[in-house]
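I have placed the structure first, in the form of structure tokens, so that the comments after it can refer back to it.
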Amino acid sequence: MERSLIAVRHGLLAAQARLDAAAHNVANADTVGAKPRDVAFQTLLYDAYQNQPGGETAGQSRLTPEGVRLGGGAGAGGTFLRTDLAGVLVSTGEPTDLAIEGEGWFRLRPPEGDPPGGVVLARGGRFSLSPAPDGRLFLVDGRGAFVLDDNGAPVSIPRDAAGLVVRPDGAVFTRTADGAVVATGQRLALYRVHRPDALRALGDGAFFAPTGPGALPAGGLPAAEPVPAALRGTERARIVQGALERSAVDLGTELTGALLALRHTGLLARLAVQTDEMDGLSDELGGRNR
Numbered sequence: 006m007e008r009s010l011i012a013v014r015h016g017l018l019a020a021q022a023r024l025d026a027a028a029h030n031v032a033n034a035d036t037v038g039a040k041p042r043d044v045a046f047q048t049l050l051y052d053a054y055q056n057q058p059g060g061e062t063a064g065q066s067r068l069t070p071e072g073v074r075l076g077g078g079a080g081a082g083g084t085f086l087r088t089d090l091a092g093v094l095v096s097t098g099e100p101t102d103l104a105i106e107g108e109g110w111f112r113l114r115p116p117e118g119d120p121p122g123g124v125v126l127a128r129g130g131r132f133s134l135s136p137a138p139d140g141r142l143f144l145v146d147g148r149g150a151f152v153l154d155d156n157g158a159p160v161s162i163p164r165d166a167a168g169l170v171v172r173p174d175g176a177v178f179t180r181t182a183d184g185a186v187v188a189t190g191q192r193l194a195l196y197r198v199h200r201p202d203a204l205r206a207l208g209d210g211a212f213f214a215p216t217g218p219g220a221l222p223a224g225g226l227p228a229a230e231p232v233p234a235a236l237r238g239t240e241r242a243r244i245v246q247g248a249l250e251r252s253a254v255d256l257g258t259e260l261t262g263a264l265l266a267l268r269h270t271g272l273l274a275r276l277a278v279q280t281d282e283m284d285g286l287s288d289e290l291g292g293r294n295r
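Sequential numbering of the sequence shown, starting at 6, is according to our numbering.
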């Protein structure tokens, strides 16, 4: 009976993980650029039991095949971000609002500095221009994190610039008072994520992607790397100025998943009760035969 209770325990933990993911997704249904979380389920370790020679069934037909597999059911293997899903782009008309069409993430530098061993990425592009003492305007997010260019430097424009222009490939320009467009020599950094399971949430839509030594698995892809220049500005990785990406969360899918997880929890609770009753019944029958 212990195996039944083990399976119940792992099943309840898996259902709880699914409920936690659904709650997180519903809470971010209106967050700019939010990606839903999902839970990966896996089969737990199985043991193979062989039929024993001799005994009362020696010479008789087998009741079970050789190598009966008994295990602990299934459990949650981990939570990962659905980076393959994209939200709808909505026009805002604000020049500092940037959306990414296709694959790509903005690189940020938090106010406390770059974290060691990786980069900070964000999909949401609700930015603003923040003045600095040196007379420049820096592109920042809602937390004050700098938006970085390909060289890892904060994107900035002169204070006297009449406007900001960002091309589909991420090239940054300024607009002068007479309407002329002047290149700044900067281009927004764009990263693509290969291993969503390696991302660590930092809050406010930002994620840490390990890229330092030891972060690359043997024969595998890095967690994130810059988007190749050949893809920038194409439908695979294009920046749209004056627009924002809505959350990729589907409320219908999340609520349905939450209901299924609750139903699963109820069935597992009944199984635990029935297992306990069968344990009690077997103890009672064993006591009578003594």
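No residue lacks a Cβ here, since even glycine has one placed at the ideal position from N, Cα and C.
{"Item": "Extent of the continuous beta strand (DSSP E) run through V177", "Value": "176-180"}
{"Item": "Minimum C-alpha distance to A81 - residue among R205, R14, P233", "Value": "R14"}
{"Item": "Supposed contact pair P159 and V152 - C-beta distance, whole angstroms, cut 8 Å", "Value": "7 Å"}
{"Item": "Pairwise C-alpha distance: E259 and P116", "Value": "34 Å"}
{"Item": "Rounded separation between S96 and T280 - CA only", "Value": "57 Å"}
{"Item": "8 Å contact criterion, which A297 and P41 should meet: CB distance rounded", "Value": "Here the chain has residues from 6 to 295 only, and residue 297 is not among them."}
{"Item": "Range of the contiguous beta strand (DSSP E) that encloses E250", "Value": "248-250"}
{"Item": "Contact the stretch 117-127 vs the stretch 203-217: 3+ CB pairs below 8 Å", "Value": "yes"}
{"Item": "Span of the beta strand (DSSP E), counted from its first residue to its last, around R114", "Value": "110-114"}
{"Item": "Own chain partners of R87 with C-beta closer than 8 Å, once the 5 adjacent residues on each side are dropped", "Value": "K40, P41, R42, D43, P201, A253"}
{"Item": "Continuous beta strand (DSSP E) stretch holding E106: start and end", "Value": "103-107"}
{"Item": "E117, DSSP secondary structure in three states", "Value": "coil"}
{"Item": "When L276, A182, A194 are compared against L10, the one with the closest alpha-carbon", "Value": "L276"}
{"Item": "Alpha carbon of R243 to alpha carbon of T270, nearest angstrom", "Value": "43 Å"}
{"Item": "From G92, G190, V145, residue whose alpha carbon lies closest to that of R172", "Value": "G190"}
{"Item": "Member of G184, D155, G157 whose CA lies at the smallest distance from the CA of L169", "Value": "G184"}
{"Item": "Reference G83; option with closest CA among A203, R251, E250, A266", "Value": "A203"}
{"Item": "Beta-carbon gap between D3 and A194 smaller than 8 Å", "Value": "In the structure as shown, the chain starts at 6 and stops at 295, and residue 3 therefore has no counterpart that could be examined."}
{"Item": "Buried versus exposed call for L142 [16 or more other C-beta atoms within 10 Å across all chains shown]", "Value": "buried"}
{"Item": "For R268, three-class secondary structure by DSSP", "Value": "helix"}
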